[in-house]
Amino acid sequence: MNMKSKSNTTLVFALLMLGLACQKEAKTLGEFTFINDFESQFGYNPNVALGKSHSGRAFFKLDANTEFSPAFIHQFKTIANRGFSKVKFTAYVLMPDPNNLGALVIQVWDPSNQPIKVEQKNFTAKEAGTNRWVELSLELPLAGLYTPENQIRCFVHNPGFQNYYVDDFTVEFVQ
Numbered sequence: 014m015n016m017k018s019k020s021n022t023t024l025v026f027a028l029l030m031l032g033l034a035c036q037k038e039a040k041t042l043g044e045f046t047f048i049n050d051f052e053s054q055f056g057y058n059p060n061v062a063l064g065k066s067h068s069g070r071a072f073f074k075l076d077a078n079t080e081f082s083p084a085f086i087h088q089f090k091t092i093a094n095r096g097f098s099k100v101k102f103t104a105y106v107l108m109p110d111p112n113n114l115g116a117l118v119i120q121v122w123d124p125s126n127q128p129i130k131v132e133q134k135n136f137t138a139k140e141a142g143t144n145r146w147v148e149l150s151l152e153l154p155l156a157g158l159y160t161p162e163n164q165i166r167c168f169v170h171n172p173g174f175q176n177y178y179v180d181d182f183t184v185e186f187v188q
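Start counting the sequence shown at 14; every next residue gets the next number (this note's numbering).
(1) Determine, using beta carbons only, whether Lys134 and Leu149 come nearer to each other than 8 Å.
(2) Here's the rule I'm using: 16 or more other beta-carbon atoms within 10 Å means buried, otherwise exposed. How should Ile119 be labelled?
(3) Given Tyr105, which residues of its chain have a CB within under 6 Å of its CB, disregarding the five upstream and five downstream residues?
(4) Within the same chain, show all residues whose beta-carbon is closer than 6 Å to that of Asn144, passing over the 5 residues directly before and after it, in chain order.
(5) Take the Cβ of Asp50 as the centre, count every other Cβ of all protein chains shown within 10 Å, and call the residue buried at 16 or more, exposed below.
(6) Apply the 10 Å Cβ neighbour rule to Ser82 and answer buried if 16 or more other Cβ atoms are within range, or exposed otherwise.
(7) Nearest by alpha-carbon distance to Ala141: which of Asn112, Asp123, Gln188, Lys101 is it?
(8) Give me the Cα-Cα distance between Phe136 and Thr46, rounded to the nearest whole angstrom.
(9) For Glu80, collect the residues of the same chain with a Cβ closer than 8 Å to its Cβ; drop the 5 residues on either side in sequence, then sort them by chain order.
(10) Given a threshold of 16 other Cβ atoms within 10 Å of its Cβ, counted over all protein chains shown, does Gly43 qualify as buried or as exposed?
(11) For Gly115, count neighbouring Cβ atoms within 10 angstroms of its own Cβ and tell me buried if that reaches 16, exposed if not.
(12) Taking only the alpha-carbon atoms, compute the straight-line gap between Arg70 and Asn58 and give it to the nearest angstrom.
(13) To the nearest angstrom, how far is the alpha carbon of Asn126 from that of Gln164?
(14) To the nearest angstrom, how far is the alpha carbon of Phe73 from that of Phe85?
(15) Go ahead and label Leu63 buried or exposed: buried means 16 or more other beta carbons lie within 10 angstroms of its beta carbon, across all protein chains shown.
(16) With DSSP collapsed to three states, give me the class of Lys37.
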């Protein structure tokens, strides 16, 4: 086998492995699905760290000074001109202490900046487990809530100001 043939074989093998790796990580996303994996926030947000995240390298650290994760906040009109039947918020959480607790939160606010609907799912490390990434999700039906001027907010609440980690937020709007 000559040198050119070896390098072509190596290149084909490398491209095949890269394609398989990307295929493994690929996820079919709908037109109205929004993701925050925190990768682009490293270096800009002091609570975004690099390490053993759920995916990629970056994750968000909740701590004694941080009550809320970054939030997905948009008026419905900036998402689409048509209504949706529900919204689904998913996040991965890693809790190192068996006493960790928190909540996934979805809120809808009216134009006068008043909450008109709040849905919350509490979680604890005792239920979900410690020192491993756990997927948590919450859904909110949007019947009667979806008007162009209303605002949607999705975030993780850290009411105990405890140390734990979040990654891979997904906000999906369903027709």
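Backbone N, C-alpha and C define an ideal beta-carbon position, used for all residues, glycine too.
As the structure is a computational prediction, the values presented were derived from the model and not from experiment.
Inspection of the coordinates gives the following:
(1) In this structure, Leu149 lies closer than 8 Å to Lys134 by Cβ.
(2) buried
(3) Cβ within range, chain order: His67, Trp146, Glu148, Asp180, Asp181.
(4) Pro109
(5) buried
(6) Under this definition Ser82 is a buried residue.
(7) Asn112
(8) A straight-line Cα-Cα distance of about 24 Å links Phe136 and Thr46.
(9) His170, Asn171, Pro172, Phe174
(10) exposed
(11) buried
(12) 14 Å
(13) Approximately 9 Å between the Cα atoms of the pair.
(14) 14 Å
(15) exposed
(16) At Lys37, the pLDDT of 30 sits below 50, so the modelled position is not reliable; the number obtained from the coordinates is stated separately. Reduced to three states, the DSSP call for Lys37 is helix.
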